[in-house]
Amino acid sequence: MELAQVRLLVSDFAACYRFYGEVLGLKPQSGATEGPYEKFSPAAGSAGIALQDRAAMAEVLGELGESATGHRSLVVLRVDDLDAYCEQITSRGATVLHGPVLLTDRMRVAHLKDPEGNLVELQQWLLLSG
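Quick note: the sequence shown uses this note's numbering, first residue 1, plus one each step.
Quick look at the structure:
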């Protein structure tokens, strides 16, 4: 078994597409800016984040039509230089809510939200830095 992706159900597909592609800098698979589906991948690794239009999935399952409330997910991305990455994404429109801060003696983190309110944690693993 292999994990193919984590998929987020979103109501404003275009805004989330822009956030994951243009703001965070992940590579879209097909360029489907209006959805109903798109997978994004980082420059390294095989894991991916996908967006699925909430209304389209509601049609398939008949039970997800309501908007999600509260924190329903946390996307975690590892970066080599947390300070530099936070500076880059804030210049592209992101708002860092918390950090960068030392979370443990082995990791620094920063937190932000995508346009749907999904939490995104940026991690810098200090053990990999030397």
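We put the beta carbon where it would ideally sit given N, CA and C, even for glycine. These numbers were taken from a predicted model, which means no experiment stands behind them.
Neighbourhood of residue i by C-beta, 7 Å cutoff - its chain only, sequence neighbours within 5 removed
| i | result |
| --- | --- |
| Asp12 | Pro115 and Glu116 |
| Glu22 | Arg92 |
| Thr90 | Val96 |
| Ala15 | Pro115 |
Whole-angstrom distance between residue j and residue i, CA atom to CA atom
| i | j | result |
| --- | --- | --- |
| Leu172 | Ala56 | Any question about residue 172 goes unanswered here, given that the chain covers just 1 to 130. |
| Leu102 | Gln88 | 20 Å |
| Glu34 | Val75 | 21 Å |
| Arg106 | Glu121 | 15 Å |
| Glu59 | Leu127 | 46 Å |
| Pro100 | Leu24 | 16 Å |
| Asn118 | Gly62 | 22 Å |
| Gly48 | Val6 | 7 Å |
| Pro28 | Thr104 | 32 Å |
CB of residue i within 8 Å of CB of residue j, strictly
| i | j | result |
| --- | --- | --- |
| Gln124 | Asp80 | yes |
6 Å Cβ shell around residue i - same chain, five flanking residues per side excluded
| i | result |
| --- | --- |
| Leu97 | His111 and Leu112 |
| Tyr85 | Val79 |
Contacts around residue i, its chain only, beta-carbon distance under 8 Å, and the 5 residues preceding and following it disregarded
| i | result |
| --- | --- |
| Tyr37 | Ala50, Leu51, Gln52, Asp53 and Ala56 |
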